[in-house]
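This report refers to the structure that appears directly beneath it.
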Amino acid sequence: MDSYSEEDLLGWLFKDDLQNIELVEINITPENPGLAPQPQLQAPSQIPLAPNPVEVERPTVSGLQKSQKRFKTVTPEELKDLQDSRQAKSTKQNTKWGVKVFQEWCMEALDQVLDFATTETEELNNVLGKFYAEATPKFSEKRGKEMSTAQSKEYHKNSMKNIRAAINRHIHDLDRDIDIVRDKEFRKANETLDGKLKKNLEKGLSRPTKHKQIITMNDLEKINSYLYSSDDPIILRFRVWYNIAMHFVTRGIEFHQQLQINSFEFHFDENNREYACLSHEMKQKNWQGGLDSGETINDKRMYSCEGDRCPVASLKLLIFKTDPDATSLFNHINKDALLSKTPNILQLWYTNKSVKSYQFTRFMADVSKSVMYTAHCLRATAIQAMSDAGFEIRHIMYMSGHRNEASVRSYSRDCSTLQKKSMSDTLSTLSTGRAPPQTSMPMPMAVQNKPASDSVISVLAASDTPNVNTMNTALSSNKFMSSGFISNSAFHNCTFQINNPQ
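Each number in the working numbering corresponds to the 1-based position in the sequence shown with 90 added.
In structure tokens:
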């Protein structure tokens with residue numbers, strides 16, 4: 091075989107193509123080694139523009155234009171206001187008062203104000219223990235008239251607890267991770283406070299807690315007679331305020347001043363009975379909202395009732411007679427409606443100027459002149475009425491918004507006048523040997539023979555009230571059912587057959 095070089099083989103493979111190849115000399119310069127010279131580009135002014143230039147749209151997030159601003163901007167002042175809103179105004183005032191009392195004692199006992207931000211835990215424990223032992227209220231003429239001289243020199247047990255809680259909140263606001271109520275480092279101080287309160291009890295210096303007064307049935311009848319005497323602007327506003335306080339079991343001040351003209355919705359239940367309910371959540375003392383709060387109950391209902399004493403009809407009339415531009419539910423009365431002898435011919439009774447918060451505190455005082463009842467008395471009366479009517483405590487908690495039974499019992503602690511009389515007659519049989527009178531048997535409020543219109547509670551359907559026969563059976567059988575396996579027990583959907591031998 092002949093031997094061929096690599097050049098001969100390459101030449102044989104490309105012999106046909108080489109005939110059409112024209113050799114061109116390329117000048118290789120150091121500035122551009124191995125590259126052909128680039129063609130000269132035209133100046134921008136020499137490049138012809140397209141007849142219809144195309145505009146390219148920039149992509150946006152979720153199709154939103156940059157000019158459409160979604161998020162609001164807050165100022166440093168607004169941000170601070172949000173941070174301060176985590177505590178109620180009354181709580182802040184209580185904190186300020188408690189710290190003030192403590193610092194006044196420090197100036198008198200220590201000749202200096204205590205710095206909560208830098209004081210060591212051990213020193214703070216010692217100072218608090220001494221403060222608890224020496225704290226005394228300022229003497230006033232009012233305190234001297236309400237209690238004995240010795241009692242006037244001691245704080246009420248709840249006041250001492252409030253001062254301790256106020257100091258604790260103040261320390262938390264300073265971002266110190268200590269708790270003077272629960273931490274073991276402050277056990278000595280808390281033992282001092284506990285011992286002082288027990289010592290005051292032994293010496294007769296401890297005063298009972300004054301709970302909100304329960305409105306008597308006689309006074310309730312007088313209030314109802316006044317509130318339904320006519321439909322003039324003043325009485326209508328009182329009546330709606332009163333009905334809302336009763337049916338929604340509110341404290342009557344903070345709740346009412348939050349009500350807007352659209353705060354209520356009107357619906358019909360499955361039995362075609364109309365009722366009013368709240369359309370939004372409400373801030374109250376036992377429900378402040380925030381991250382740690384659960385869902386509030388907004389399904390409380392104020393049902394309509396037959397006759398001219400319907401709470402739903404009164405609420406609708408108030409809304410109808412209010413200026414359409416008003417935002418609040420309770421507003422000032424129109425001057426023309428206030429002075430008119432026939433206000434029913436006027437279309438509007440109330441302006442768009444809302445009632446101030448301090449005016450809500452006067453509502454109950456204006457209604458009841460002879461006895462000093464407050465708006466909180468309505469809440470206590472409503473809870474007591476439901477308890478006397480035989481409703482379960484969980485149902486009362488649903489209406490009152492309480493989260494534990496102990497709080498509810500602080501309201502329904504009292505007995506009605508009839509119950510107190512019945513218990514006294516029963517005990518009299520032990521001390522005198524006389525037979526108890528026939529009228530000494532306690533009767534629930536719901537089964538008393540009183541007109542429906544005289545009750546502050548709306549007329550409920552028969553299915554909504556406790557079974558009267560069952561309640562009477564339980565009451566009449568208290569002689570032999572007060573002890574044994576059935577005491578302190580709860581039964582649901584049960585049937586009992588009790589044979590009482592003659």
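Note that beta-carbon positions come from the ideal geometry of N, C-alpha and C, so glycine has one too.
Keep in mind the model is a prediction, meaning the values are calculated, not measured.
Asked                                                                                                                             : Found
Buried/exposed call for Ile435, threshold 16 Cβ in 10 Å                                                                           : exposed
Residues sharing a beta bridge with Ile50, DSSP                                                                                   : Residue 50 cannot be examined here, being either before or after the span of the chain that is shown, 91 to 592.
Assigned secondary structure, Ala207 (DSSP; H/G/I helix, E/B strand, else coil)                                                   : coil
Contacts around Leu550, its chain only, beta-carbon distance under 8 Å, and the 5 residues preceding and following it disregarded : Residue placement at Leu550 cannot be trusted, given a pLDDT of 37 that sits under 50; the coordinates are not used to answer.
Rounded separation between Val203 and Gln241 - CA only                                                                            : 28 Å
Alpha-carbon spacing of Met535 relative to Asn290, whole angstroms                                                                : Unreliable placement is indicated for Met535, whose pLDDT of 44 sits below 50; the coordinate value is still reported in the next sentence. Spanning the two alpha carbons is a distance of roughly 39 Å.
Under the three-state DSSP convention, the category Leu264 falls into                                                             : coil
Under the three-state DSSP convention, the category His357 falls into                                                             : strand
Unbroken alpha helix (DSSP H) run spanning Ala240, endpoints                                                                      : 239-242
Under 9 Å between C-beta atoms of Thr340 and Arg469                                                                               : yes
Residue environment, Asp426, which counts as buried when at least 16 other CB atoms sit within 10 Å                               : exposed
Opposing strand residues paired with Ser418 [DSSP bridges]                                                                        : Gln350
Proximity below 9 Å, CB of Ile270 to CB of Asn258                                                                                 : yes
Same chain only: Cβ atoms within 8 Å of Leu317, ignoring 5 sequence neighbours per side                                           : Ile325, Phe328, Arg329, Tyr332, Val457
Per-residue burial, Ala595 [other beta carbons within 10 Å of its own, 16 or more giving buried]                                  : Not covered by the structure: residue 595. The range shown for the chain is 91 to 592.
CB of Ala465 within 9 Å of CB of Ala279, strictly                                                                                 : no
Cβ pair Glu244, Leu295 closer than 9 Å                                                                                            : yes
Neighbour-count burial assignment, Ser566, 16 or more Cβ in a 10 Å radius                                                         : Any answer about Ser566 is weak, because its pLDDT of 38 lies below 50 and its placement is not dependable; what the coordinates show is given next. The residue is exposed, with fewer than 16 neighbouring Cβ atoms inside 10 Å.
Top-ranked residue by Cα proximity to Lys293, from Ile313, Ser238, Asn421                                                         : Ser238
Tyr365 - containing beta strand (DSSP E), residue span                                                                            : 364-368
Same chain, Cβ closer than 8 Å to Arg233, five either side skipped, listed in chain order                                         : Pro227, Ser242
Distance, Ala255 Cα to Thr412 Cα                                                                                                  : 44 Å
Arg363 versus Ser353, Ser369, His346, Cys400, residue with shortest Cα-Cα distance                                                : Cys400
For Met462, three-class secondary structure by DSSP                                                                               : coil
Reference Lys300; option with closest CA among Asn248, Gln173, Gly491                                                             : Asn248
Burial state of Asp478, where buried means 16 or more other Cβ atoms lie within 10 Å                                              : buried
Whole-angstrom C-beta distance between Leu419 and Ser500, which should lie under 8 Å                                              : Actually they are not in contact, since the Cβ atoms of Ser500 and Leu419 sit about 30 Å apart, beyond 8 Å.
Cα-Cα separation, His422 to Leu429                                                                                                : 13 Å
Enclosing alpha helix (DSSP H) for Pro401 [first to last residue]                                                                 : 401-410
Cys467 to Phe356 span [Cα, whole Å]                                                                                               : 27 Å
Other residues of its chain near Val217: CB distance less than 7 Å, five sequence neighbours each side excluded                   : Leu204
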